[in-house]
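Asker:
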Amino acid sequence: MRLSRRTLLLLLLPATVFYMIFFIIPFFISLGVALGIFLPSDAQISRGEIITLRYFEQTFDRIFLLVLLRSLLLASMTTVACLLIAYPMAYYIAVKAEKYKSFLLILVIIPLWVTFLLRAYALLTLLGPEGFLNGILIGLGIIEEPLYLIYNERAVLLGMVYSYIPLAILPLYSTLTRLNKSVIEASRVLGAGPVKTFVKVTLPITKPGVLAAVILTFIPAAGEFVVPSLLGGPDDVYVGTLVYNAFLAARNWNWGAAMSIVYISVVLIGVVLYLRLVGEELRV
Numbered sequence: 050m051r052l053s054r055r056t057l058l059l060l061l062l063p064a065t066v067f068y069m070i071f072f073i074i075p076f077f078i079s080l081g082v083a084l085g086i087f088l089p090s091d092a093q094i095s096r097g098e099i100i101t102l103r104y105f106e107q108t109f110d111r112i113f114l115l116v117l118l119r120s121l122l123l124a125s126m127t128t129v130a131c132l133l134i135a136y137p138m139a140y141y142i143a144v145k146a147e148k149y150k151s152f153l154l155i156l157v158i159i160p161l162w163v164t165f166l167l168r169a170y171a172l173l174t175l176l177g178p179e180g181f182l183n184g185i186l187i188g189l190g191i192i193e194e195p196l197y198l199i200y201n202e203r204a205v206l207l208g209m210v211y212s213y214i215p216l217a218i219l220p221l222y223s224t225l226t227r228l229n230k231s232v233i234e235a236s237r238v239l240g241a242g243p244v245k246t247f248v249k250v251t252l253p254i255t256k257p258g259v260l261a262a263v264i265l266t267f268i269p270a271a272g273e274f275v276v277p278s279l280l281g282g283p284d285d286v287y288v289g290t291l292v293y294n295a296f297l298a299a300r301n302w303n304w305g306a307a308m309s310i311v312y313i314s315v316v317l318i319g320v321v322l323y324l325r326l327v328g329e330e331l332r333v
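Under the working numbering, residues 50 to 333 are what the sequence shown spells out, in order.
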């Protein structure tokens, strides 16, 4: 039964209105602030400028570009690590864990019920100098002095993976549940080993899940603020931290809006190129 065009438009209307109100309109407001149309600076008013590009010029300096590159690198490492961990977990839950599938799936979802802030504080409690891990190592006599496992890039990466791994597991699980086991069995009957079966059969079938996991992990990780702020050191500055400081510490909303627009544009271009590349592979 095919739906009429009017019915489809009515079904899409709530999502479209929500998208317009909470993304499109705020995006153009931010663009107006970045161009000085809204909240113009005193220097802009004294020069009689209605629109200015000086805030974008400030954005394209060496410091911001390095911070942006570091943020994209952190997001890429987080995405790769999440995929490497999430794929076998999702495969086991979807294919192997028949009796305990629902229980394991709930364990994956439970961290999403807790805010990023509490999860980051949990890692501080676990990895801090007086934390649980150091207490065990000192108690067993393995180390004499506590290890400094936080306030560095490794702690930030660990916190990012811990925070975003459920977002990678869920789409992979959804795809793997539709995997036809007879196809895998046929591949093995024809002489393909486990590795070849995975590369030639399982992985191509589950590419849509991998695509969704990459997008759900990379996009929010690139602009993450909470985890780097709590687990990173004073030199570990990322885009989210820089934008936060521009808005609240420096009170320079124009510069903060310009950085936000540049960040959104870079991530959007990367995602579009990725979707086109992967989409062509899926069609093939």
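Virtual Cβ for every residue (Gly too), placed ideally from N, Cα, C. From a predicted model like this one, the values you see are computed outputs, not experimental measurements.
Should the stretch 222-238 be called in touch with the stretch 77-96, which here means at least 3 C-beta pairs below 8 Å?
Answerer: no
Asker: If we count Cβ pairs, one from each stretch, closer than 8 Å, do we get three or more for the stretch 108-119 versus the stretch 167-180?
Answerer: no
Asker: Taking contact to mean at least 3 C-beta pairs separated by less than 8 Å, is the stretch 210-228 in contact with the stretch 120-139?
Answerer: Judged by Cβ distances under 8 Å, the stretch 210-228 makes contact with the stretch 120-139, as three or more pairs qualify.
Asker: Could you tell me the alpha carbon to alpha carbon distance between tryptophan 302 and leucine 161, rounded to whole angstroms?
Answerer: 31 Å
Asker: Between alanine 295 and phenylalanine 71, what straight-line distance do the alpha-carbon atoms span, to the nearest angstrom?
Answerer: 22 Å
Asker: Which residues in the same chain as valine 276 place their Cβ atom closer than 8 Å to its Cβ, once the five residues preceding and following it in sequence are excluded?
Answerer: Phe165, Ala169, Val205, Gly208, Met209 and Ser212
Asker: Just to confirm, is the Cβ distance from leucine 84 to isoleucine 100 under 8 Å?
Answerer: In this structure, isoleucine 100 lies closer than 8 Å to leucine 84 by Cβ.
Asker: Can you confirm whether the stretch 222-233 touches the stretch 138-151 when touching is taken to mean that 3 or more C-beta pairs between the two stretches lie within less than 8 Å?
Answerer: yes
Asker: Would valine 333 be called buried (16 or more neighbouring beta carbons within 10 Å of its own) or exposed?
Answerer: Residue confidence is low: valine 333 scores 45 on pLDDT, short of 50, so the model does not pin down where it sits. Its coordinate-derived value is still stated next. The residue is exposed, with fewer than 16 neighbouring Cβ atoms inside 10 Å.
Asker: Grouping DSSP H, G and I as helix and E and B as strand, with all else coil, what is proline 195?
Answerer: coil
Asker: Does the beta-carbon distance from proline 195 to isoleucine 185 come in below 8 Å?
Answerer: no
Asker: Provide the residue span of the alpha helix (DSSP H) that contains alanine 235, from first to last.
Answerer: Residues 230-238.
Asker: For the alpha helix (DSSP H) containing valine 205, name the first residue and the last one.
Answerer: 202-225
Asker: Mind checking which residues open and close the alpha helix (DSSP H) that includes lysine 249?
Answerer: Where lysine 249 is concerned, there is no enclosing alpha helix (DSSP H), given that its DSSP letter is neither H nor E.
Asker: Could you pull the start and end residues of the alpha helix (DSSP H) that lysine 258 belongs to?
Answerer: Looking at the sequence shown, residue 258 is not lysine but glycine. Residues 256-271.
Asker: What is the residue span of the alpha helix (DSSP H) that leucine 106 lies within?
Answerer: Reading the sequence as shown, one finds glutamate at residue 106 and not leucine. It spans 103-108 - the alpha helix (DSSP H) in which glutamate 106 sits, taken as one unbroken run.
Asker: Which class does leucine 300 belong to by DSSP, given the choice of helix, strand or coil?
Answerer: Note on identity: in this sequence residue 300 is arginine, with leucine being the wrong assignment. Reduced to three states, the DSSP call for arginine 300 is coil.
Asker: According to DSSP, is leucine 186 part of a helix, a strand, or is it coil?
Answerer: helix
Asker: Give me the Cβ distance between phenylalanine 77 and alanine 307, rounded to the nearest whole Å; I'm assuming they're in contact under 8 Å.
Answerer: Separation of the CB atoms of phenylalanine 77 and alanine 307 is rounded to 14 Å, and the pair is thereby denied contact status at 8 Å.
Asker: Going along the chain, which residues of its own chain have a beta-carbon closer than 7 Å to the beta-carbon of isoleucine 199, five neighbours each way excluded?
Answerer: Take isoleucine 199, set aside five residues on each side of it, and the residues of its chain with a beta-carbon closer than 7 Å to its own are Leu173, Leu176, Gly177 and Leu280, in chain order.
Asker: Starting from phenylalanine 76, trace the alpha helix (DSSP H) in both directions and tell me its first and last residue.
Answerer: 74-83
Asker: Determine whether the beta carbon atoms of alanine 270 and alanine 124 lie at a separation below 8 Å.
Answerer: yes
Asker: How would you call leucine 317, buried or exposed, if buried means at least 16 neighbouring beta carbons within 10 angstroms?
Answerer: exposed
Asker: Measure the alpha-carbon distance for tyrosine 312 versus leucine 252 and round it to whole angstroms.
Answerer: 31 Å
Asker: Give me the Cα-Cα distance between tryptophan 304 and glutamate 147, rounded to the nearest whole angstrom.
Answerer: 53 Å
Asker: I need the straight-line Cα distance from phenylalanine 152 to valine 66, nearest angstrom please.
Answerer: Valine 66 has its alpha-carbon roughly 37 Å from the corresponding atom of phenylalanine 152.
Asker: Closer than 8 Å, CB to CB, is isoleucine 142 near chain B or not?
Answerer: Included in the structure is just one protein chain, with no chain B present.
Asker: Assign serine 278 to one of three DSSP states: helix, strand, or coil.
Answerer: helix
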